Every structure is written in structure tokens, then in C-alpha cells.
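Asker: After the C-alpha cells below, expect a handful of questions from me.
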Amino acid sequence: MEVLLILAVTAAIFCLCKIRNWWNFNVNSTTKSSQIPLGSFGIFPFVGETIHFISSAYSDRPESFVDKRRHTYGKVFKSHLFGSPTIVSSDAEVSKIILQSDARTFIPSYPKSLMELMGKSSILVINGSLQRRIHGLIGSFFKSATLKSQITAEMESYVMESMGRWREDSPIYIQDEAKNIAFQVLVKALISLDPGIEMELLKKYFQEFIAGLMSIPLNFPGTQLYRSLQAKRKMVRIIDGIIQEKRGCNEGITKDVVDALLNDKNEQLTDELIAENMVDLMIPGEDSVPLLMTLAIKYLSDCPAALTQLTEENMKLKKLKEKLKEPFSWNDYVSSLPFTQTVITETLRMGNIITGVMRKAMKDVEIKGHLIPKGWCVFAYFRSVHLDDKLYNFPYQFNPWRWQDKEINYGNFTPFGGGQRLCPGLDLARLETSIFLHHFVTKFRWEAEDDSIVNFPTVRMKRRMPVWIKRRRYS
Ligand code: HEM
């Protein structure tokens, strides 16, 4: 029996070695391996190092996968992730060049289920002139002065309405509340839909839709991907109804993002493409922005000195505005609350809501002496840069003061990406978070229950961030 076992184990090791040699030979033989960064493809073909990457991502130090290899091989190394040979960059300079390259060099590349759900015409996937056009239209819409004052007023009313309902005798789940508010604000900005039955329906379908973003890429009845695609179809139908109404009125006024796209004369901007993109654009409203708000509350709860300074700053502005009998403007939230802005910046650095971006090389690319072969993926991993102790003193300490009176070095700080795909919603994300923080700290004191941050597949709080609130007496 023992002999059989030894034979079986020896045979298994032999087979594994053979497969491994074949694997390394086949992947390396197509390129000049001396120029490809050092690294490993792992033992198993196709799986590569994906399991190591995911298990680190689930831990409380998700960057440990990259940090371990960066110490062994350097800041740029090769790996095999999500079915593709991949160059991982934790070098700010290399990542900057990747972000600034256009579609002749790199195109976006995401796991298969994500690509299927977003569809071929999503802004997150398309390239070239159409991507630049849509990016420009969305970006200028979010920068327009009318929109800024409209969004500020709407966000304030959603926040006040929501906070007005909060009770002191049961915990408030900050993550849920923030999601609800940020989703309503974004849907209003995208398609001018107010809270009501259609909004609730959209929210319901949207939950089904995003459940499939990191699912197994199998699309037939019964699978999550199938259900998510069905949900997206229903959302597209609702949005298409709104588009047809708008086309009927033909006012030519730009009240929301759909108007901005409809009023453009580009023939490639079909109704279907616009409706599908509206669904994709709801993702940050449900995910990134509410997480920014939630993490800010989490870090402030753990750092009383920062909370005191932020509260004083917000109280002062609130009293001044009351005295002047003036409403708050977009500018007040962004420019007159400098410490609040540093809290948001520090939350973005530590929170790493988007851990990095993935691209595929369209040709052999050389960056700083590293060769990225054609067809390989490249993963610009922001998290290790944001937590690098050579760039940030005590990087795991929440320290908003590190940003005071300092120009931000956007080479080392890329929570919103960069280059041609720099997030067009970054000002909106900061504004929404400022408004949320302002009303939260000026209306309530609170005690947070224990909770921890989960980083995979998306960043979120394990227990949805329960807090016990007490209303401040004067408000
Ligand atoms: C805390 C909040 C947010 C974070 C951390 C964030 C982060 C990012 C990052 C890192 C990218 C670059 C992706 C890449 O290079 O492939 C991006 C792109 C994008 N973001 Fe955001 N985002 C946030 C909020 C928003 C909001 C509120 C919107 C509004 C609709 C938005 C819309 C977009 C769009 C449309 C793109 C794609 C741009 C393109 O490829 O041309 N984001 N975002």
C-alpha cells in the first residue's frame, strides 16, 4: 500500500514538472525573455498565480501578494493572473506611462464576466475617437456650473431627507444609507429620474445586475451571469423609454448626462449605446462613491483628533452660512472646507476603492527597460504605490495632515486613474462625500460598532458599518 502511495506521489510530481516546463517554455519562447521582468507564472497552467492573488486580496493585507514579489523581483514583475500572462506594475512611473498610453498601445482588459456584462459599447471598454467623445461629453457635463448647483441642492435634500428618518434606538448602517443616497444622486444626474416606483425598480434590477460583475463567466438560464444580463436588459428598456420621451420633446436643453449624449450629433451614439452606458455609469453610484463616504466615517471614527478638527471646520462654516442666510454652493463644500478635503484625499489613499486598472498590450511595449509582450495583460496596481513607505511616512496611519498645504503629486496618487481615462466623476465623488460628511458631523455624534474592511471582489465593510447616533441638540 505504502509503495503504491509513493509511486502515485512520484508520478504526480513528475507530471507537474513536465506540465510546468511546457508551460514556462511556451509562454516565454514567444518573446525575448531577458527583457521581460522577472517573476513567476506559478505551478499550474492557466490558473497561474490567481489563487495566491485572490487569497491575499481577501486578507487584511491585500497588497501582500504584490509586496512579496516586489521585494523578490522588483517593482515591476511578471505573473499569470485571471488566465493571462500579466506584467504587474507597482512602479508609479511605469503605471503613469501605462495610463497615458492610447489604444494603439494598450486597451482595457477585465475578467470575462465583467466584459460580458458591460457589453462591447461600454465607455469602460471602447477605444479611440468614440471613447474620447463620450468621455469628453460626460466630463464637461459634470463640470458645468448649472449642474454643480443643481446637484449640490439635490444631494443636500436627499441627505437631509435620509438623515431625518434615522433613529437613535437602533443602529444606522452607514454603508446602506450612503449607497441609497449616492445611487439616487447619480440616477438623477444621469437620467433625471426622481425617487419613486421607477427608481425602486431600477435599484432592484441594479442589485441583480452587479451581483454578476465578478461571477463565473457562464451564460445560460440558472447562472448568475444570465440573471445579471436579463436585469441589465430590463434596465435598458426603462432607460430607453426615457430616451424616447426626450427625443419626442426635442428641447435641446442639457439637463442630464443622457441629454448631453443625445444632443451630440455623432451618429455612433445610438439610443441603445446610450441606454447601456447609463447602466454602466450607475456602478460608481452604487459602489465607489458610497464606499468613499463609508470609509471616511470609518477612519474618522478611529481617529478622534481628525474628527474633532473636521467637526470644528464644518460647524464654523455652518454657523457662518446661517448668519449670512446663504445656501451652500458646490464651491463652499469643495474650497471652504480644506481640512474636510484632506480627509477625503487621505481616505482615497488608504481605502484604495479601485485597487488598480488592467490593460492588454496591442504590441510589444518597452517601458523603463521592461518589455511587455504583445497580447499580455498589464496590471497597474495603485494600492502598493499608495501604501509605499518611501512615498508616504507611516502609510498605514490615517493622517489627513500629511496633505495640508501641499500640492498633490498625481504621479504617486492615482485613485481616479489618469491619462485619457481619468475618471470624469472625480469632482462629483468629492462633492457628494463633502456634503455627506458635513451633514453627518454637524447633525450627529456617534459611536461606531466594531467592523472591518473587506477588499475583494470590491471594497466594502464586513458589517455594513453600524453606528449608534445621537442628534446634536441645536439642529
Ligand atoms: C470614489 C469614487 C470613484 C472612484 C475611486 C473612481 C475611480 C475611477 C478610476 C480609477 C477610473 C479609471 C479606469 C481606467 O483607467 O480604466 C475611472 C473611470 C471612470 N469613472 Fe470613476 N471613480 C469614481 C466615481 C465615479 C463617478 C461618480 C462617476 C460618474 C458617473 C464615474 C465615472 C467614470 C467613468 C465614465 C470612467 C471611464 C472613463 C473612460 O474610460 O473614459 N466615476 N473611475
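Counting along the sequence shown from 1, when you hit position 391 you're at 391 in the UniProt record's numbering, and nothing is skipped either side.
Quick reminder that beta carbons are idealized off the backbone N, C-alpha and C, glycines included.
Bear in mind the structure is a predicted one, so any value in this text is a computation, not a measurement.
1) Could you check the C-alpha separation between Gly-82 and Glu-312 for me, to the nearest Å?
2) Is Lys-32 helix, strand or coil when you go by DSSP?
3) Can you determine whether any heavy atom of the ligand HEM sits closer than 6 Å to the C-beta of Ser-121, and answer yes or no?
4) Look at the Cβ atom of Ile-98, then the Cβ atom of Ala-380, and state whether they are nearer than 7 Å.
5) When the distance is taken between beta carbons, is Trp-166 closer than 7 Å to Ile-172?
6) At what residues does the beta strand (DSSP E) containing Tyr-381 begin and finish?
7) Taking 7 Å as the threshold (C-beta atoms), are Phe-209 and Ser-228 in contact?
8) Please determine, among Ser-84, Ile-274, His-439 and Val-257, the residue with the shortest C-alpha to C-alpha distance to Gly-42.
9) Nearest-angstrom Cα distance between Ile-283 and Gly-212?
10) Measure the CB-CB distance between Trp-401 and Thr-345 and report whether it falls below 7 Å.
11) Should Pro-424 go down as buried or exposed, given a rule of 16 or more other Cβ atoms within 10 Å for buried?
12) May I ask you to report which of helix, strand or coil DSSP gives Met-115?
13) Consult DSSP for Ser-64 and reduce its assignment to one of helix, strand or coil.
14) Please go through the same chain and pick out, in chain order, the residues whose beta-carbon is closer than 7 Å to the beta-carbon of Phe-444, but skip the five residues on each side of it.
15) The ligand HEM and Arg-421: does the residue's C-beta get closer than 6 Å to at least one heavy atom of that ligand?
16) Determine the DSSP secondary structure at Phe-25, reduced to helix, strand or coil.
17) Would you say the beta carbon of Leu-428 is closer than 6 Å to some non-hydrogen atom of the ligand HEM?
18) May I ask you to list the residues that DSSP assigns as paired with His-370?
19) Looking at the unbroken alpha helix (DSSP H) that takes in Met-95, where does it start and where does it end?
20) According to DSSP, simplified to helix, strand and coil, what is Ile-172?
21) Tell me, please, which residues DSSP counts as bridged to Met-163.
22) According to DSSP, what are the bridge partners of Met-358?
23) DSSP state of Arg-133, grouped into three classes?
24) Measure the alpha-carbon distance for Asn-28 versus Met-115 and round it to whole angstroms.
25) For Ser-56, which residues of its own chain have a beta-carbon under 7 Å away from its beta-carbon, when the five flanking residues on both sides are left out?
26) In terms of DSSP beta bridges, what is Val-187 paired with?
27) Just checking Leu-310 against the ligand HEM - is the residue's beta carbon closer than 6 Å to any of the ligand's heavy atoms?
28) Straight-line CA distance for Lys-32 to Cys-377?
29) Grab me the residues of Leu-225's own chain with a C-beta within less than 8 Å of its C-beta, minus the 5 sequence neighbours each way, in chain order.
30) Would you mind sorting Leu-337 into buried or exposed? The rule is 16 or more other CB atoms within 10 Å of its CB.
31) Taking all protein chains shown into account, do 16 or more other C-beta atoms lie within 10 angstroms of the C-beta of Tyr-396, making it buried, or fewer, making it exposed?
32) Can you tell me the Cα-Cα spacing of Leu-124 and Asp-280, whole angstroms?
33) Going straight from the alpha carbon of Trp-330 to that of Ser-149, what length do you get?
34) Which word fits Gly-196, buried or exposed, when buried means at least 16 other C-beta atoms lie within 10 angstroms of its C-beta?
Answerer: By the coordinates alone:
1) Mapped onto the sequence shown, residue 82 falls at position 82. Mapped onto the sequence shown, residue 312 falls at position 312. In the sequence on display, residue 82 carries Phe and not Gly. Going by the C-alpha atoms only, they are around 47 Å apart.
2) Reading the sequence shown from its first residue, position 32 is the one you call residue 32. Because the pLDDT of Lys-32 is 49, which lies under 50, any placement of that residue in the model is unreliable, and the number read from its coordinates should be weighed accordingly. Of the three classes helix, strand and coil, the one that applies to Lys-32 here is coil, per DSSP.
3) For the purposes of this step, residue 121 is taken as residue 121 along the sequence shown, with counting starting at 1. It does not: the Cβ of Ser-121 is nowhere closer than 6 Å to a heavy atom of the ligand HEM.
4) Counted from its first residue, the sequence shown places residue 98 at position 98. Counted from its first residue, the sequence shown places residue 380 at position 380. For Ile-98 and Ala-380, yes; Cβs fall inside 7 Å.
5) Residue numbering aside, residue 172 sits at position 172 when the sequence shown is read from its first letter. Residue numbering aside, residue 166 sits at position 166 when the sequence shown is read from its first letter. Yes. Within cutoff.
6) On the sequence shown, position 381 is the one that residue 381 refers to. From DSSP, the beta strand (DSSP E) with Tyr-381 extends over 377–381.
7) Counted from its first residue, the sequence shown places residue 228 at position 228. Counted from its first residue, the sequence shown places residue 209 at position 209. Against a cut-off of 7 Å, the Cβ pair of Phe-209 and Ser-228 comes out as a contact.
8) In the sequence shown, the residue the question calls residue 42 occupies position 42. Nearest C-alpha to Gly-42: Ser-84.
9) Counting from one through the sequence shown, the residue named residue 283 turns up at place 283. Counting from one through the sequence shown, the residue named residue 212 turns up at place 212. Ile-283 and Gly-212 have their alpha carbons spaced roughly 12 Å apart.
10) Sequence index remark: in the sequence shown, residue 401 carries index 401 (1-based). Sequence index remark: in the sequence shown, residue 345 carries index 345 (1-based). Cβ distance not < 7 Å, so Trp-401 and Thr-345 don't count as in contact.
11) For the purposes of this step, residue 424 is taken as residue 424 along the sequence shown, with counting starting at 1. Burial state of Pro-424 is buried, judged by a 10 Å Cβ sphere holding 16 or more other Cβ atoms.
12) For the purposes of this step, residue 115 is taken as the residue at position 115 of the sequence shown. Three-state result, Met-115: helix.
13) Taking the sequence shown and counting its residues from 1, one reaches residue 64 at position 64. Looking at Ser-64 - three-state DSSP - the assignment turns out to be helix.
14) Looking up residue 444 in the sequence shown gives position 444. Ile-469, Lys-470, Arg-471 and Arg-472, listed in sequence order.
15) By one-based count along the sequence shown, residue 421 stands at place 421. Result yes, Cβ under 6 Å from the ligand HEM.
16) Along the sequence shown, one-based indexing puts residue 25 at 25. Its pLDDT being 38, under 50, Phe-25 is placed unreliably by the model, and the measurement read from it follows with that caveat. DSSP places Phe-25 in helix when its eight states are reduced to three.
17) Here residue 428 refers to the residue found at position 428 of the sequence shown. Yes, since a heavy atom of the ligand HEM falls inside the 6 Å radius drawn around the Cβ of Leu-428.
18) Residue mapping note: residue 370 aligns to position 370 of the sequence shown, counting from 1. For His-370, which the question treats as bridged, DSSP gives the partners Ile-367.
19) On the sequence shown, position 95 is the one that residue 95 refers to. Here residue 95 turns out to be Ser, not Met, going by the sequence shown. From DSSP, the alpha helix (DSSP H) with Ser-95 extends over 92–100.
20) Locating residue 172 in the sequence shown gives position 172, where the first residue counts as 1. In the structure shown, Ile-172 sits in a strand (DSSP, three-state: E or B).
21) Along the sequence shown, read from residue 1 onward, the residue named residue 163 stands at position 163. According to DSSP, which records beta bridges pairwise, Met-163 is partnered with nothing at all.
22) Here residue 358 corresponds to residue number 358 of the sequence shown, with the count starting at 1. Its beta-bridge partners are Phe-379.
23) Position 133 of the sequence shown, counting from 1, holds the residue named residue 133. The answer is helix: DSSP assigns Arg-133 an H, G or I state.
24) Walking along the sequence shown from the start, residue 28 turns up at place 28. Walking along the sequence shown from the start, residue 115 turns up at place 115. For Asn-28, the predicted model reports a pLDDT of 39, less than 50, meaning its position is unreliable; a value from the coordinates is still stated below. Roughly 27 Å between the two C-alpha positions.
25) Within the sequence shown, numbered from 1, the residue matching residue 56 stands at position 56. Closer than 7 Å at the Cβ level, and outside the excluded window around Ser-56, lie Pro-62, Ser-64 and Phe-65.
26) Stepping through the sequence shown from its first residue, residue 187 is reached at position 187. According to DSSP, which records beta bridges pairwise, Val-187 is partnered with nothing at all.
27) As a working mapping, residue 310 is identified with position 310 in the sequence shown. Here the distance from the Cβ of Leu-310 to the nearest heavy atom of the ligand HEM is not below 6 Å.
28) Here residue 32 refers to the residue found at position 32 when the sequence shown is read from its first residue. Here residue 377 refers to the residue found at position 377 when the sequence shown is read from its first residue. Unreliable placement is indicated for Lys-32, whose pLDDT of 49 sits below 50; the coordinate value is still reported in the next sentence. Their Cα atoms are separated by approximately 17 Å.
29) Walking along the sequence shown from the start, residue 225 turns up at place 225. For Leu-225, where only same-chain residues beyond five positions count, the Cβ hits under 8 Å are Ser-113, Glu-116, Leu-117, Gly-212, Ser-215, Ile-216, Pro-217, Leu-218 and Asn-219.
30) As a first step, residue 337 must be located in the sequence shown, where it is residue number 337. By the neighbour-count rule (16 or more Cβ atoms within 10 Å), Leu-337 is buried.
31) As a position in the sequence shown, residue 396 is number 396, starting the count at 1. It is exposed - the Cβ of Tyr-396 has fewer than 16 other Cβ atoms within 10 Å.
32) Here residue 124 corresponds to residue number 124 of the sequence shown, with the count starting at 1. Here residue 280 corresponds to residue number 280 of the sequence shown, with the count starting at 1. Distance between the alpha carbons of Leu-124 and Asp-280 is about 8 Å.
33) For the purposes of this step, residue 330 is taken as the residue at position 330 of the sequence shown. For the purposes of this step, residue 149 is taken as the residue at position 149 of the sequence shown. Whole-angstrom Cα-Cα distance: 6 Å.
34) Taking the sequence shown and counting its residues from 1, the one referred to as residue 196 is at position 196. It is exposed - the Cβ of Gly-196 has fewer than 16 other Cβ atoms within 10 Å.
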